[in-house]
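The structure under discussion appears below in the form of C-alpha cells.
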Amino acid sequence: MTEAKRLFDCTRYHLERLPIDDMLAAKEDGQWKKYSTKEVSELVDTLGAGLVNMGYGGGDGSVEGRDKIAVMSNNRPEWMLLDFASQQIGAVLVPIYPTISINELEFVLNDAAVKLVFVHDRDQFEKISYISDRIPSIQGIYTFNKIPGANHWKEILTKSTPQALAEVARIAESISPYDLATIIYTSGTTGTPKGVMLSHDNILSNVTASMKCLPIHVKRALSFLPLNHIFERMVSYIYLFSNISIYYAESLDTIADNLREVRPQIFTTVPRLLEKVYDRIMSKGMELTGMKRKLFYWAHDLALNYEINKNQGFAYRLQLSLANKLIFSKWREGLGGEIECIVSGGAACQVRLIRIFTAAGIPVLEGYGLTETSPVIAVNRHEIHDRKFGTVGPLLDNVQVKIAEDGEILCKGPNVMLGYYKQPGLTADVFQDGWYMTGDIGMMVDDRYLKITDRKKELFKTSGGKYVAPLPIENKLKESIYVEQAMIVGSEMKFVGALIVPSFSNLREWLRQNGVPFTNKEDVLGLPVVQNLYRELVESFNKFFNHVEQVKRFELLSEEWSVETGEMTPKMSLKRKVILEKYRHSINRIYHAE
Numbered sequence: 103m104t105e106a107k108r109l110f111d112c113t114r115y116h117l118e119r120l121p122i123d124d125m126l127a128a129k130e131d132g133q134w135k136k137y138s139t140k141e142v143s144e145l146v147d148t149l150g151a152g153l154v155n156m157g158y159g160g161g162d163g164s165v166e167g168r169d170k171i172a173v174m175s176n177n178r179p180e181w182m183l184l185d186f187a188s189q190q191i192g193a194v195l196v197p198i199y200p201t202i203s204i205n206e207l208e209f210v211l212n213d214a215a216v217k218l219v220f221v222h223d224r225d226q227f228e229k230i231s232y233i234s235d236r237i238p239s240i241q242g243i244y245t246f247n248k249i250p251g252a253n254h255w256k257e258i259l260t261k262s263t264p265q266a267l268a269e270v271a272r273i274a275e276s277i278s279p280y281d282l283a284t285i286i287y288t289s290g291t292t293g294t295p296k297g298v299m300l301s302h303d304n305i306l307s308n309v310t311a312s313m314k315c316l317p318i319h320v321k322r323a324l325s326f327l328p329l330n331h332i333f334e335r336m337v338s339y340i341y342l343f344s345n346i347s348i349y350y351a352e353s354l355d356t357i358a359d360n361l362r363e364v365r366p367q368i369f370t371t372v373p374r375l376l377e378k379v380y381d382r383i384m385s386k387g388m389e390l391t392g393m394k395r396k397l398f399y400w401a402h403d404l405a406l407n408y409e410i411n412k413n414q415g416f417a418y419r420l421q422l423s424l425a426n427k428l429i430f431s432k433w434r435e436g437l438g439g440e441i442e443c444i445v446s447g448g449a450a451c452q453v454r455l456i457r458i459f460t461a462a463g464i465p466v467l468e469g470y471g472l473t474e475t476s477p478v479i480a481v482n483r484h485e486i487h488d489r490k491f492g493t494v495g496p497l498l499d500n501v502q503v504k505i506a507e508d509g510e511i512l513c514k515g516p517n518v519m520l521g522y523y524k525q526p527g528l529t530a531d532v533f534q535d536g537w538y539m540t541g542d543i544g545m546m547v548d549d550r551y552l553k554i555t556d557r558k559k560e561l562f563k564t565s566g567g568k569y570v571a572p573l574p575i576e577n578k579l580k581e582s583i584y585v586e587q588a589m590i591v592g593s594e595m596k597f598v599g600a601l602i603v604p605s606f607s608n609l610r611e612w613l614r615q616n617g618v619p620f621t622n623k624e625d626v627l628g629l630p631v632v633q634n635l636y637r638e639l640v641e642s643f644n645k646f647f648n649h650v651e652q653v654k655r656f657e658l659l660s661e662e663w664s665v666e667t668g669e670m671t672p673k674m675s676l677k678r679k680v681i682l683e684k685y686r687h688s689i690n691r692i693y694h695a696e
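Heads up, the sequence shown is in our numbering, so the first residue is 103 and it goes up one at a time.
Right, here's the structure in full:
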C-alpha cells in the first residue's frame, strides 16, 4: 500500500491490481445490489466532476476556503461514493448523525458553513428543509432515496463532462496527505458539538497501522455501526484498502437476517449491541428444558472459565472442543457461520462477554481511541499472543502513550487530529507539551497492554472525600442477565447509589418460573420479590469493590435509555448529566428513603 497517500487512492489502488465484483453492496428492492471496483471508481469520478461543474471544490486550499458538504444518512454505498468524490475535489465531508437534535443540527450546519447536504430519506429531507432558511450557506439538498419534489443525487452525475473529469484528476493529484479530509462533530455527553479536523494522513496512518491487527484472509464484512462515527468509517477504509467487500445492513433490526445472508467474516460493534446478542442467546438458553438446558449451561460455564494465552489442561480443552461442537457452533451460525472476529469499540466492553465469545470461537477484539485520534490508540490483535482480557490491547505501532501523574492517558502520533474547527483555544486546552490529553484514566499492564479504568471527568467524590470510578461498577452490574443498563450516582453524597434498568425479557421469565404474574413494568418493579431479587444481585456484586464503592441503595426504572429519548450518545455512551436531571426524583428517593 506504499502508493496510497490519500484515502480516495483505495479505488484506484485496487482497480489496477485486483478489482472485485462487490466492493460495496446494499439491499435495493429486497435484493442485494453490488457495486464493482470499476463501478465505484467511475461513479466517484463522475460525481466529483458533476460537483466541480456546479462550482464546488477546494477553494483556495485553506481549511476555511474548502467547501463543506454534509451527509446525514444511514450506511449505504452512496455514503462512501460521496465521501471519495468530495475528497478528490478538495471539498470536506461533514458527516451528521441522522438522530441529531434540531438545535445541534442547525449549529453544525452553520458552524461548518455547509453548502450542500445529502440525506437518506424523506424524514431527513424534511428535517433539513425545516431549518434551511436559518442556514444561509446552504445552496442545495440532495436525497439518496428518490423523493417527489426533492433533488436526487444522481442528477449531479448528469452534470459531468470530459473537461470536468480531467479537472477532477488534476485536483486529486494536487491533494496532499496532510490536507483536511473531514470534519467530524462529536456530540459528546455534554456541551456544544466540537468539529474534529482530520487529515488524510491522520486517518490513513491509523488505517495502515490497524490493518496488521486483523485477520488477513477476510473477504466480506457487514457494516451497521454509523459511518458518521470515525470508528466505522476508518474500519471501512481498512476493508477497502484490503479488498474486503462491504455489505451494508438494512437496519439494526435486520442485522440477524443480514448476517445469515452475507455470512461475513468480520464486523464492528459497540458493547451495547454485543450485550444484546448475548442476552438473546441467554434468553434462548433459558427456554430450553432437560438435557439441552443442562448442556447449554455446562458450555456457558466452561466459557466463563476460559483464559487466553494459558494452557488449561487436556481435560478442559477436550470439554471446550465438545462444547464448541454441541453448543457454540449454533452461536456462530447465528452470526453467519463464518465469523473470524468482531471488533468492539466506542465504549468499555464487559470482560466477561469477551471471555465467553472468545471461548465460543468468536474472538472479540476490543480497542480504544477517540475521534481526535482517528480513532485507534490501542487494540487487541487477532493473533492470540497479542491479546489480553481486561485490556484494550497493545498500542498501535505508530502511536505513543504516556500516563500522566493523575493517571490520564496522553497520546502522540500521526493519528492525532489537526485541531478543533475554528476553536484554537479549545485545541490548545487538550494538548500538553505536544501530547493529546484523552480525558481517560488508564495504566499499562505488563509494560505492553493498555488498560482503561475510567473517564477522568466521570470520576466523582463522595461527601466523605473519597473518589469513585463508576464505570467498573456499572459493567459489573451489567454482567447479570437481569440488568439491561445501570448508572452509578453519589457525587457529594454519603454513599454510592445506582439507577438500574432491568432486562424485562429475562425478568418476565424469572417471574413466570416463580409463579408471579407480569402485569405492567411499573407495578412489577414495586413487588417485594423483585426488589429482593435486585437487592441480592447488588449485594452479590458489592463484594468485588471496596466499602466506599459498594452500592447501598438503588432505584429500578421502567424505561430503557436510548439515543432517541436522549440518554445515550450515538455511540451508545451514557449522557450522565441528562440522566441525572431526568431522574433526579428517583435519585432523591435513593438518598432520602425512610
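For each residue, glycine too, the CB sits at the ideal point set by N, CA and C.
Keep in mind it's a predicted model, so treat the numbers as computed, not measured.
Which residues in the same chain as residue i place their Cβ atom closer than 6 Å to its Cβ, once the five residues preceding and following it in sequence are excluded?
i, result
"Tyr-199", "Asn-330 and Pro-672"
"Ala-106", "Tyr-115"
"Thr-529", "Gly-521 and Tyr-522"
"Tyr-280", "Ser-301 and Asp-303"
"Tyr-408", "Arg-457 and Ala-461"
"Val-665", "Thr-201 and Pro-672"
"Asn-308", "Met-336, Ser-476, Val-478 and Asn-517"
"Ile-692", "Gly-599, Arg-655 and Glu-657"
"Ala-401", "Ala-425 and Ile-429"
"Glu-611", "Met-388"
Tell me, please, which residues DSSP counts as bridged to residue i.
i, result
"Gln-226", "None; Gln-226 has no bridge partner."
"Gln-133", "Glu-130"
"Val-194", "Lys-170"
"Lys-296", "Thr-288"
"Phe-369", "Leu-324 and Ile-444"
"Ala-600", "Ile-590 and Phe-656"
"Ile-681", "Answer is none; Ile-681 lacks a bridge partner."
Given residue i, which residues of its chain have a CB within under 8 Å of its CB, disregarding the five upstream and five downstream residues?
i, result
"Leu-404", "Tyr-418, Gln-421, Leu-422, Ala-425 and Ala-461"
"Ile-258", "Leu-149, Gly-152, Leu-153, Met-156 and Tyr-244"
"Glu-581", "Gln-452, Arg-454 and Phe-643"
"Ser-565", "Glu-594, Met-595 and Lys-596"
Identify which residue in the options has its Cα closest to the Cα of residue i.
i, options, result
"Ala-311", "Phe-343, Ser-688, Phe-562 and Ile-286", "Phe-343"
"Glu-206", "Glu-228, Ile-243 and Ile-233", "Ile-233"
"Leu-579", "Leu-627, Ser-642, Phe-620 and Glu-669", "Ser-642"
"Ser-203", "Trp-181, Met-174 and Leu-184", "Met-174"
"Tyr-399", "Met-384, Lys-412, Asn-413 and Asn-411", "Met-384"
"Thr-294", "Leu-376, Asp-223 and Glu-208", "Glu-208"
"Lys-314", "Glu-334, Glu-611, Ile-305 and Ile-340", "Ile-340"
"Ile-441", "Gly-392, Arg-365 and Leu-498", "Arg-365"
"Lys-645", "Ser-188, Ile-575 and Gly-471", "Ile-575"
"Ala-351", "Tyr-137, Pro-179 and Val-146", "Pro-179"
"Ser-605", "Phe-597, Pro-477, Gly-617 and Leu-635", "Leu-635"
"Gly-132", "Asp-359, Ser-565, Met-539 and Leu-472", "Asp-359"
"Gln-652", "Arg-678, Leu-573 and Arg-550", "Leu-573"
"Val-730", "Tyr-538, Leu-472, Arg-489 and Asn-482", "The structure shown does not extend to residue 730, since the chain is modelled only from 103 through 696, so no value can be given for it."
Which same chain residues, not among the five before or five after residue i, have their C-beta less than 7 Å away from its C-beta?
i, result
"Gly-463", "Asn-426, Phe-430 and Arg-434"
"Phe-491", "Ile-410, Val-453, Ile-456 and Arg-457"
"Ala-571", "Thr-555, Asp-556 and Leu-561"
"Ile-277", "Arg-108 and Gly-192"
Distance check for residue j and residue i, CA to CA, integer angstroms please.
i, j, result
"Glu-144", "Glu-474", "32 Å"
"Leu-120", "Ala-323", "17 Å"
"Ser-607", "Tyr-584", "8 Å"
"Val-64", "His-302", "Residue coverage of the chain in this structure runs from 103 to 696, which leaves residue 64 outside it and unanswerable."
"Asn-697", "Cys-451", "The structure shown has nothing for residue 697, since the chain only spans 103 to 696."
"Phe-647", "Lys-558", "19 Å"
"Thr-621", "Asn-690", "27 Å"
"Asp-355", "Glu-507", "45 Å"
"Ile-230", "Ser-164", "27 Å"
"Leu-211", "Leu-629", "49 Å"
"Ala-283", "Leu-361", "32 Å"
"Ala-266", "Ser-353", "36 Å"
"Lys-217", "Gln-189", "15 Å"
"Ile-543", "Ile-511", "6 Å"
"Arg-224", "Asn-247", "8 Å"
"Asp-111", "Ile-590", "46 Å"
With respect to 7 Å, is the separation between the Cβ of residue i and the closest non-hydrogen atom of the ligand PLP below this value?
i, result
"Met-156", "With respect to small molecules bound, the structure shown includes none, and the ligand PLP cannot be examined in it."
Counting only C-beta atoms, is residue i closer than 8 Å to chain C at any point?
i, result
"Val-320", "In summary, chain C is missing from the structure at hand, where a single protein chain is found."
Ignoring anything shorter than 3 residues, give me the beta strand (DSSP E) runs that lie fully in the stretch 520-589, in order along the chain.
Within the stretch 520-589, the complete beta strand (DSSP E) segments at least 3 residues long are 537-547 and 551-557, listed from N- to C-terminus.
Whole runs of the beta strand (DSSP E) within the stretch 477-514, excluding any shorter than 3 residues
When DSSP assignments are scanned along the stretch 477-514, the uninterrupted stretches of beta strand (DSSP E) that are 3 or more residues long and fall wholly within it turn out to be 478-481, 502-505 and 510-514.
Sequence ranges, alpha helix (DSSP H) only - wholly within the stretch 252-286, length at least 4:
Counting only runs that start and end inside the stretch 252-286, the alpha helix (DSSP H) elements of at least 4 residues fall at 256-259 and 264-276.
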